[in-house]
């Protein structure tokens, strides 16, 4: 007595063969699949830190990780990098090379490496109108960040810019940023390149 | 499904997806990692292990130590503490500030707290609470610092100061994280037990230093030989049941010395951007945290 | 030669799997016997080493002296023998047989397949010596040093090529579930094993990227590859042995894609020092692949509904049934383990060991036992050397699995609870598991005995046909010489 391995239905041996009542996928399995997919998306959203390579559990985002950094007296370039990547990199690029039509480069830019008092004004109140960067003309507008970033964070991010991507500038201190902030008061008008060039 | 090619293509894409996710992406994210700086001290981390410790990793691999020991510390969360480091001179003001920070603290308790500083004032609070407490205390003339503490059962057990991160293993080959904790986690065993002599005795006869240990001994990493002259400087200081017969001594072979050097090089105690914590309650950076073996502690190289 | 079919029918008391055409049988016979016999040998050696490792917990200084018998090496060797010595060759052999039989075509290149099997076993032998000598890689489920892994891979490559070619030459156009499963499995193993060995041993990647690849390989090997090879076999054999024609295969298709798409993302524990998205994604993948496990339960229930009695009456079905049950239990355990990662650390405890026993021995090995028991009589044309051994093997395997997995799982839960309590010293944590480990040693002893019976039975059967073939040849030679003598 043998069990037939071939498919063409030969006459059932002694009536032992009968079709398996195997049919469609039960509906509940599909419903469960969608429930699980929905749960999975939520779970990943909560714990996955959106594929960020520098965030490890139990931290769930770069912001949360930053919040847990120890307070520092001096400039924290790691903090600067974090601020840069969350605020500036969207337009200026993670590599500081800028993006055509969005923002000029920061790497090697005379505006970044020039006088600190001039540089600090740009993120504080924004910048508008024509400007020449690395010998190339740009005509765009940059929004003000002064209200969103503390002196420490601005100092950190500007220091990061002045020391990264081959830039060899000095660091910017929170005091320098605070001084400029006081100087320009609550100016809301963005600066122009011509106006900035008068600042030394 | 009738076509083999279809099944093949489906399998190809499914596996290619998983390969991209779990092989290629980590290779780009952590496989390209370079040394980083500790936060806030700015020291370079990690430092390559000394040569002997690198040989010791090979002994660790060859004898399957990773089958019983993990090297991955689990961190459940991070909390903020307020450490009072100095009471200052304005005692009434500081006591008032302390009572403002800890509403249920009585005056005598506050005075008592000011003895034998540094002491934690608040534990496990949010950053805002901690910062406002630090501000209140410093305004009153005391010195207080915000202290960041990684917490979890592993850390409470004293198995490290923070979770394990890729930097801890940057220069290692092979990276053996282990899968099971038949024995304790070893990620920072060199901090817990920096004594090379202890590790050698433990490797030779675990029960001689840890009562009730289920770890097997590794007598084959040692040599029992007749004492010649004054005996070897390397001989293990064994006592009781574990000591060799009179006239004999137990000396470690090079493999044992290398393994012990590797074990004390397991420190993983550097505060990093990716795994922040405050070093030491008493403020001020502790000894520079490195992967390298400490120079002090243990007479055996 | 007497026709194998006739002999099988004459010898077998219980229904045997149809021998197929003589051409198919002859082409499969020796390559498969090489694979199975070697695998059974490695299985016995592996479970012996496993038992040794288990005993060391009760007496840490037991056989501590020779370096090659130290716990870490013996444990590594035993794990590698179970996976690469037994599971890989048997599953490949069964896969080739399915390709030939379901496609109604002789094996493409039986000599190549036999040679591939030989290479595979040679690789395992070299690897075993390497691990015991201290040349093991330290990577879990990739224990063999590069040279041995190369031999294993080469052997696999030959066997896999034969499998794919056999499928390509099939006479039956339609593919059934078993064929997609085995095809995907053949492809899967090649990719994961080559990637892992190249990136870890030949051109090692930097730092923790090694661990990521190791986790990825383990997840794919235990979850997807073993899933594909074993389930394919079950889907082909279960209905036939239960006396049913395979029905439509929509649920099998569901299981197939769930396994491929989600199962390939499992294996990274929550504590791993890897970016948070990796363990998070892996947990999601594990939970989603749990749906495949439910699908398997649905298929088995649909196939056996109203026929559970037949499972009990037929030893081969018993093996398959228990194997599938272990698959479901193992899958559920894996989901529990993944979900508990953030609060319980079950994955650091003996619970993981219990789950791996379920998946590797309980599921794949038992399914392979049942399949080998079903197909070897048809291949060699005689029944098993001892039917009593076969029945006893089932009881030993089942009881062994229970005694190993249940205490380890319970011990793991106790251990996890104690690990959470920092007030308990670690010695107390590990002491709390000793009672469970003692029970599991009994289980390993039973499993060793069962595996021994399997090996003896297989070897006895093969020796029987060898002796008969030899006797036939001698008689023929004798008849010729006496004939010549008479003529002279």
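Protein chains in written order, with our numbering: chain R, 1 to 200; chain D, 1001 to 1301; chain V, 2001 to 2488.
All C-beta atoms in this analysis are idealised placements derived from N, C-alpha and C, irrespective of residue type, glycine included.
Rounded C-alpha distance that separates residue i from residue j
i, j, result
"residue 173 (chain R)", "residue 1196 (chain D)", "45 Å"
"residue 1151 (chain D)", "residue 50 (chain R)", "24 Å"
"residue 190 (chain R)", "residue 127 (chain R)", "5 Å"
"residue 1192 (chain D)", "residue 1163 (chain D)", "16 Å"
"residue 63 (chain R)", "residue 55 (chain R)", "10 Å"
"residue 1254 (chain D)", "residue 2129 (chain V)", "23 Å"
"residue 2474 (chain V)", "residue 2160 (chain V)", "37 Å"
"residue 1299 (chain D)", "residue 1054 (chain D)", "Note that residue 1299 (chain D) scores a pLDDT of 31, beneath 50, so its modelled location is shaky; the value from the coordinates is reported in the next line. If you take the alpha carbons of residue 1299 (chain D) and residue 1054 (chain D), they lie about 19 Å apart."
"residue 2409 (chain V)", "residue 2127 (chain V)", "30 Å"
"residue 10 (chain R)", "residue 1175 (chain D)", "At residue 10 (chain R) the pLDDT is 39, less than 50, meaning the model places this residue with poor confidence; the figure from the coordinates comes in the next sentence. Looking at the two C-alpha atoms, the distance is approximately 58 Å."
"residue 91 (chain R)", "residue 2276 (chain V)", "26 Å"
"residue 2093 (chain V)", "residue 2375 (chain V)", "11 Å"
"residue 1023 (chain D)", "residue 1172 (chain D)", "18 Å"
"residue 2413 (chain V)", "residue 2338 (chain V)", "14 Å"
"residue 2120 (chain V)", "residue 1081 (chain D)", "59 Å"
"residue 1212 (chain D)", "residue 2049 (chain V)", "25 Å"
"residue 2322 (chain V)", "residue 2365 (chain V)", "11 Å"
"residue 29 (chain R)", "residue 2278 (chain V)", "27 Å"
"residue 1292 (chain D)", "residue 2118 (chain V)", "Confidence at residue 1292 (chain D) is low in this model, with a pLDDT of 40, below 50, so the placement of that residue should be treated as unreliable; the coordinate-derived value is given next. Whole-angstrom Cα-Cα distance: 47 Å."
"residue 2011 (chain V)", "residue 2377 (chain V)", "Caution applies to residue 2011 (chain V), whose pLDDT of 37 falls short of 50 and renders its modelled position unreliable; the value that the coordinates give is listed next. Distance between the alpha carbons of residue 2011 (chain V) and residue 2377 (chain V): 9 Å."
"residue 1157 (chain D)", "residue 2405 (chain V)", "29 Å"
"residue 2215 (chain V)", "residue 2332 (chain V)", "19 Å"
"residue 81 (chain R)", "residue 156 (chain R)", "8 Å"
"residue 1276 (chain D)", "residue 2148 (chain V)", "43 Å"
Proximity to residue i [Cα-Cα], best of the options
i, options, result
"residue 1004 (chain D)", "V:2119, V:2168, V:2060 and V:2447", "V:2168"
"residue 2096 (chain V)", "V:2443, V:2158 and V:2478", "V:2158"
"residue 1114 (chain D)", "D:1143, D:1061 and D:1136", "D:1143"
"residue 2204 (chain V)", "D:1031, D:1019 and D:1020", "D:1031"
"residue 1065 (chain D)", "D:1110, D:1040 and D:1260", "D:1260"
"residue 2467 (chain V)", "V:2423, V:2382 and V:2149", "V:2382"
"residue 2115 (chain V)", "V:2137, V:2035 and V:2299", "V:2035"
"residue 2166 (chain V)", "V:2090, V:2028, V:2322 and V:2145", "V:2028"
"residue 1182 (chain D)", "V:2122, V:2063 and V:2053", "V:2053"
"residue 2073 (chain V)", "V:2026, V:2039, V:2288 and V:2135", "V:2135"
"residue 2459 (chain V)", "V:2162, V:2037 and V:2223", "V:2037"
"residue 2313 (chain V)", "V:2050, V:2447, V:2442 and V:2241", "V:2241"
"residue 164 (chain R)", "R:33, R:35, R:105 and R:58", "R:105"
Per DSSP, the bridge partner or partners of residue i
i, result
"residue 138 (chain R)", "R:131"
"residue 1077 (chain D)", "D:1151"
"residue 1248 (chain D)", "D:1226"
"residue 1255 (chain D)", "Note: residue 1255 (chain D) sits in no beta bridge, so no partner."
"residue 1125 (chain D)", "D:1080"
"residue 191 (chain R)", "R:127"
"residue 1144 (chain D)", "D:1084"
"residue 118 (chain R)", "DSSP output for residue 118 (chain R) lists no bridge partner at all."
"residue 103 (chain R)", "R:99"
Where residue i meets chain D, residues with beta-carbon distance less than 7 Å
i, result
"residue 53 (chain R)", "1029 and 1030"
"residue 68 (chain R)", "1078, 1148 and 1276"
"residue 2139 (chain V)", "1174"
Residues that residue i contacts on chain R, provided the C-beta gap is smaller than 9 Å
i, result
"residue 2254 (chain V)", "25, 29, 30 and 33"
"residue 1165 (chain D)", "56"
"residue 2030 (chain V)", "Chain R residues near residue 2030 (chain V): none, gap ~20 Å exceeds 9 Å."
Cross-chain neighbours of residue i in chain D, by beta carbon under 9 Å
i, result
"residue 2226 (chain V)", "The premise fails here: residue 2226 (chain V) is roughly 15 Å from chain D at the closest Cβ pair, so nothing lies under 9 Å."
"residue 2064 (chain V)", "1216, 1217, 1218, 1219 and 1220"
Proximal residues of chain V, C-beta to C-beta of residue i below 9 Å
i, result
"residue 1169 (chain D)", "2207, 2208, 2210, 2211 and 2273"
"residue 1102 (chain D)", "Simply none; closest approach about 25 Å."
Under 7 Å by beta carbon: chain V residues contacting residue i
i, result
"residue 1074 (chain D)", "2271 and 2345"
"residue 1184 (chain D)", "2426"
Within chain R, partners of residue i - CB distance below 8 Å
i, result
"residue 1046 (chain D)", "Going along chain R, no residue has its Cβ under 8 Å from residue 1046 (chain D), so there is no contact; the nearest lies around 16 Å."
"residue 2291 (chain V)", "29, 32, 33 and 36"
"residue 2294 (chain V)", "29 and 32"
Every unbroken alpha helix (DSSP H) inside the stretch 2069 to 2144 of chain V [4 residues or more]: 2071 to 2080, 2088 to 2102 and 2110 to 2133
At which residue ranges does the stretch 2387 to 2442 of chain V contain complete alpha helix (DSSP H) runs of 4 or more residues, listed in the order of the chain? 2387 to 2419 and 2426 to 2431
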